[in-house]
Each structure stands twice: as structure tokens, then as C-alpha cells.
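Novice:
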Amino acid sequence: MVITLGGSRKRKKRERVFRFETFCEPGHPALFDGSFHENMRALLGFGNSESVAQGEAQCWSFQLELHHHPSSLVRLFIVEEDVEKSPYRHCRLCRFVGWGGNMICNKRFHFVLPKKESTVESEGLSIEIHENGLEKAGLVSKTTSPKRNMMHGLMHSNGFGHIVCINGFEGGSDLVSGHQIVDLWDRICVALRARKISLIDNARKGNMELRLIHGIAYGGTWFGRWGYKFGRGTYGLDQQMYQNSLAALQSLPLYLLVPRLAYSAHEIPMIIGKYQNISSNVLQTLGELFHFMIELKPHLPTKLLTALDYHGIYNEANCRWSMKRVEMATQVIVEALKKKFELKWVTRQEVRDAARVYIGDTGLLDYVLKSLGNQIVGNYIVRRTVNPVTKVLEYCLEDLSNVLPNNLNGNKMKLRFQLTRVQLMRDLLHLYKHILKEPGVALTTGVFGAIPVAVRMVLDTKHFVKDYQDGLQPKKYTIGCPNCTSLNCTIHVKNVGPNEGKNIMKDLPPYETIAISTNATIADLKLEVQRYFSEMYWGLKSFVAEVVVGIGGRDEDLVFGLIESGSIVVVEGRVEGNGGQLETYEGGDNNSVSVECLCGARDEDGERMVCCDICEVWQHTRCVGIPNEENVPHVFLCNRCENGIVSLHSINC
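Position one of the sequence shown corresponds to residue 1 (UniProt numbering), numbered consecutively onward.
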């Protein structure tokens, strides 16, 4: 789906600007205290309504400020998709993560953070996540947004949702990191009171799968720092298999790995020895080694650090100052960075202005500032970098004593500053390649034969979920309405016609907090529940509420005397018009595809599948021996059907 923003060039002069780092924190722009559905509408009320082509989805935008001086802005778009008009009524992402029993909602909300607003205005806002559905030749389940988006999140109107894509610096973003983007998304979900959010972890660090190296180092996905946990394994894996695989890889003893790799990959023992020498603690396992390397990286320079050579600066052909004056100017700059700016990143101009108070020769200051950068002066490192947003040169001071523990001796400190971030990542890639991804014969036999199996199981675990309602207490009162009470309501739908009275629902929908007046009757409650659920779910448009389960009394009786505030209420009813046969569930109704794979999978999990042309049962292409780089054959028979044909042929003969 591509949204054409026809009037986006003519923006309001006084359009509200929100801080990127605080957007959707309490009070920014408001304190949302209703249900997800109510909070979503409240948030859209603060947005700028975008002019779109006739017939397209509604769209709002929010200006988010990254930096004030100079001004740097990104724009967050929220697109409301009407499921009735969508060519893709079912959400495949729900089915992949195991939410196929969730009912289809009438609305979906897409949260999109494009990389460049100019591209959006010229080419439109692209929010594609679906392919062409199930195809007989094979099921290719890739759910990716175009690389032009830094973020694409999706939320159904019942509070369930998905992270579709995150593209930080590794994904081509020039403005914000992946960490900042997930922080923003997490604040939005908390503010709106989302229920559960899923993601497919395909994040990479260079040529490495991040979920593997981070899992070995920390025992879980990189997204775990925001509370995402195991949601569902692919290829029939469960949580216990995933955790056991991670634990096995983490606990691999280095003293057993080193001798095994001494001949086939002689660099590995050298790399392991290097980091064992740097570490103040003994590194005994692969998990401890990976953890130390990842924790060490932020403290390393991007370029090799050297002590500042005053003689070298003095001896340069264009130096017209004495070595003493060069050294004095350097010390003044370091003191300015230390005292005035408290070890923070500051622009070159700010450093120069602070140093001019003591040294009036601006030519000398310019000369020394040009020579300073990623060098050691006394007990400090002078950092220098170009701000990726402002494109301005900036300086920062780092205290050497804070970089590594104080118990490191001089030799370890010296070795530490002979490393750069690039060199560390090269070492990590070497370990990743020769131990995990492409192990030699030495690591595929005997007890080490379990390594490739454990690696595959970790990589086959991609679906992670965060439950935003975990630990939250149901609301009992509705703020802003003193004469209202709130109830946690759901519905129970029965069939009509020949199967009248039979329950047709797979599961009860999630409880919704519904506010009613304290003088409301049972009839009022039924009408409000009927309205609320018919507006939320596609299959309940003609739902008629009939009875409040477990509550005696007549329609004219007051709710307040029969049900306490905050209570759980189930309203039973029926769907009129079609006997409840509307498309109801995200995973499909009676005509859903049949999955029966050799690995044990019984439902779609997002991996490539192929369908048998006889029994129409789906299986993973990997499980039936079709490599990913090969196309699915035009005619495919599963083993069971093929053996049946062979048996029939032998009988006839």
C-alpha cells in the first residue's frame, strides 16, 4: 500500500513539534489513561491531518525534533487502514506468531518513520508488509518494509501489534540508531496501553546474525532489553529447546576449543588469548568471551590511539610555534574540555572559544585542534568525530581511569589501546565464522557435533513477543467521568440456525474496559458492549447482545446494584444475517491451510513452504530437501502421497 500525500508540502507554519527522546512519555503530548482504542484516538487528535488522495486510508503525522541547534527533524506518520477496503483482510504476522485465533479487527494502524521526508512527498508513503498470499508453487513468507523506512510498526485496534521493520545505522539510517528507534516504539506502546507486540528478529551486525551472537553473550535476543521474550519457534521448536541450545553454546569451554582449532584455524587461539590478556577476569567459556568483547567495544576508539607527539607537531613544516607553546595550548584545550564541558561532546567552535580566554593566538589554537583527535594526553583520551546529524566537528574528553577497571596493569592497558572497534568486530566475525557458522571438521565430530545443531535451533527462533499488560491491574474507575464506572467485558457468540446454541468461537476476545454511567441498566450495558465489539471486530458487525452471563435480573435493573466496578463481565449473543460464517479469525476460519511438516510444525511460522498437489498439505521446503536458493517445483508430491502412488502401481502390476 502506498499513500499519496498530496498536500504535505503546504504544512502549517505553527505545526507542533515534539521532542524525539520524550515523545509519548507521560504528559508528552498527554497522559493517556483509557483503553487502547480510546488512547489511539486521543493521540491522533494531537497529530497533523495529512491530505491524501480520495479513497485512500486516513493519515496523520507528528514532527519529532532530534536536535534543536541546528534544527533536525523527522516525521512520524500514522496511517489508519480500513480492513473492509484492504486486499489483505487476514494478518499473516498474527498467524506466524501463533495469534491465528485472534479475531480480525476493523482497523489497523501503521506507524511509519521514513528515512527521508522528501522521498515521501515525491513518491508517497510505502507501508507494504504482505505478499500475494498462498501460491501453489510455494509459500514465501517475507514480511519486510522497503528500506526507505527507519521504522514500521503495526497495531490492530484491539491492542495486538507487530514490529515490521527497524532500520538503524546498520540499515542505512543517517539520523537515529536502532536503539533510539526501539525506544520510541516502546514508549508509544506503553503510552497507548498496547496488549502484546511481536517481532521477527532478523537483525544483523555486519555479516553476523545478531540474535546468535547476542544470545550467546547475554542469553537472549537483543530486543530483550525492552522486555521481548520467546514467542514462538519455527520448524517445530519450543522454548525449552531454544533455551537449552543457548545454554549449550554459552557454556562451551574455551580450553577445549583452543586445542581443537589450533591447526585448522590457527588465528582462533591467538584471538582468544588476546582478549583473555586484556580482561581483568578469567574468560572460561564462549559466552564469557562474547560478552566481554561486546561490552569492550564502546570503550575502544574508532582509530588506533597514540600518545600525542609534541615533537612531531613541532617538527611539521607549517608549524611556526615553539614546542612549549604547542604543549601549553594542548593543556589549555584539555582543561577546558574537562572543567567547562564536564567530559561532554562539544563543537569545535565551543572548545576554541573556551580556550581563547587563556590563549589569544587563534592560529595556534586552530593548529593544535587540527592535530588533536583520538590521542592520549596525560590521563585522558581526546576524542574527535563529525556529528552525523549536524556534520560539525566535535570533541570530547574521556578519563582513562573510567575505561577499564583500576586493577589492570600497565601492560593490559597498553594492549587495550592497540585495539580499535573495527579490529574487535573483525575478531568477532572470525570467531563467529569458524566456530558457529562454518565450523571445520574438528568442531563437527564427537561432542562438538552438537554445535551446528544448537546454532541452527537458535537461528530458527525468530519470533519474540512483549506483553505490555503483564503485571498491570485492571482499571476500576474512569478518570474524567466521576459518574461512570468501568467493567472488563468480553463476549460469547453462539451459532444460529441448525446449530443454534452451539458456541462457534475459538477463544473469547480479550477483555475490554468499558465505561458506563452509574445509573445504567442491564439493557444499557448490553447495548454498549454490542456497540463496542461490533465497531472493533470485522466478524461481529451484526453482533446482537442477548444476556449477561451469570447475572440475574431484568433489562431494566441497574447495573450498579448487581455488578461491582472493575468486575469481569461476559455478554452472550449471536451474529445475525449469515449464521456467524463471516471471515472472523486472523488465521482463517474453516478453509484455513493445512500444515503438517516433518519437523512437527502444524501451522504457518513465516518460513518458506510448499504444498502437495494431491493432499494439499503444506510443509517447509527445507524439511523436504528443497534448498532456499532453488525454486519450488511446479508439481510437488509429499512422501506420503508419492509412496501411495508407488504402492498402487506395484499392486496393479
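From the three backbone atoms N, C-alpha and C, an ideal C-beta is built for every residue, glycine too.
Restricting to Cα atoms, I'd like to know which of 533, 522 and 530 is closest to residue 555.
Specialist: Looking at the Cα atoms, 522 is the closest of the given residues.
Novice: For residue 518 versus residue 560, is the C-beta distance shorter than 9 Å?
Specialist: In this structure, residue 560 lies closer than 9 Å to residue 518 by Cβ.
Novice: Could you tell me the boundaries of the beta strand (DSSP E) in which residue 492 lies?
Specialist: 484-494
Novice: Quick one: what's residue 512 bridged to in DSSP?
Specialist: 489
Novice: Give every residue of the same chain whose Cβ lies closer than 7 Å to the Cβ of residue 49, excluding the five residues on either side of it in the sequence, and list them in chain order.
Specialist: 60
Novice: Below 8 Å on the Cβ atoms is my contact criterion, and I expect residue 222 with residue 203 to pass it. Report the Cβ-Cβ distance as a whole number of Å.
Specialist: 6 Å
Novice: Buried or exposed for residue 286, going by 16 or more other Cβ atoms inside 10 Å?
Specialist: buried
Novice: Considering only the alpha carbon of each residue, which of 511, 631, 449 and 540 lies closest to residue 494?
Specialist: Closest in C-alpha terms to residue 494, from the list 511, 631, 449 and 540, comes 540.
Novice: Can residue 164 and residue 154 be called in contact, C-beta distance under 9 Å?
Specialist: yes
Novice: Tell me, please, which residues DSSP counts as bridged to residue 521.
Specialist: According to DSSP, which records beta bridges pairwise, residue 521 is partnered with 558.
Novice: Check each candidate in 289, 425 and 349 and name the one with the smallest Cα separation from residue 394.
Specialist: Answer by Cα proximity: 349.
Novice: Nearest CA to the CA of residue 38: which residue from 428, 192, 209 and 250?
Specialist: 192
Novice: In angstroms, rounded to a whole number, what distance separates the CA positions of residue 303 and residue 422?
Specialist: 8 Å
Novice: Can the beta-carbon of residue 152 be found less than 9 Å from the beta-carbon of residue 113?
Specialist: Yes, they are a contact pair.
Novice: I need the DSSP call for residue 217, collapsed to helix, strand or coil.
Specialist: Three-state DSSP puts residue 217 in a helix.
Novice: Is the stretch 233-253 touching the stretch 482-492, taking contact as three or more C-beta pairs under 8 Å?
Specialist: no
Novice: Residue 557 to residue 524, Cα distance in whole Å?
Specialist: Rounded to the nearest angstrom, the two C-alpha atoms are 10 Å apart.
Novice: Using CA atoms only, rank isn't needed, just tell me which of 645, 358, 546 and 327 is closest to residue 378.
Specialist: 327
Novice: Which class does residue 568 belong to by DSSP, given the choice of helix, strand or coil?
Specialist: strand
Novice: Residue ranges of each alpha helix (DSSP H) run of no fewer than 4 residues wholly in the stretch 257-334, ordered along the chain?
Specialist: Those alpha helix (DSSP H) runs which fall completely within the stretch 257-334 and span 4+ residues are 267-278, 286-296 and 310-314.
Novice: Look up residue 399 in the DSSP assignment and give the residues it is bridged to.
Specialist: 380
Novice: In whole angstroms, what is the alpha-carbon distance linking residue 75 and residue 64?
Specialist: For the pair residue 75 and residue 64, the Cα-to-Cα distance works out to about 6 Å.
Novice: Going by C-alpha distance, which of 354, 158, 329 and 87 is nearest residue 109?
Specialist: 158 is the residue among 354, 158, 329 and 87 whose C-alpha sits nearest the C-alpha of residue 109.
Novice: Going by Cα to Cα distance, which pick from 598, 634 and 633 is closest to residue 619?
Specialist: 598
Novice: In or out: residue 301 buried (at least 16 other Cβ within 10 Å) or exposed?
Specialist: buried
Novice: Considering only residues of the stretch 149-184, which uninterrupted beta strand (DSSP E) runs meet the minimum length of 3 residues and lie entirely inside it, listed in chain order?
Specialist: 149-156 and 160-166
Novice: Are there 16 or more other CB atoms within 10 angstroms of the CB of residue 107, so buried, or fewer, so exposed?
Specialist: buried
Novice: Using only the alpha-carbon positions, how far apart do residue 612 and residue 644 sit?
Specialist: The straight-line gap from Cα to Cα measures roughly 13 Å.
Novice: If I'm right that residue 530 touches residue 520 with Cβ under 8 Å, what's the distance once you round it to whole angstroms?
Specialist: Their Cβ separation, rounded to whole angstroms, is 14 Å, which puts residue 530 and residue 520 out of contact at 8 Å.
Novice: Is it the case that the Cβ atoms of residue 195 and residue 160 are separated by a distance below 9 Å?
Specialist: yes
Novice: I need the DSSP call for residue 63, collapsed to helix, strand or coil.
Specialist: strand
Novice: Could you work out which residue in 31, 199, 15 and 69 is closest to residue 467 when comparing CA atoms only?
Specialist: Nearest option by C-alpha distance: 199.
Novice: Scan the stretch 343-374 and note each continuous beta strand (DSSP E) run of 3 residues or more that stays entirely inside, going in chain order.
Specialist: none
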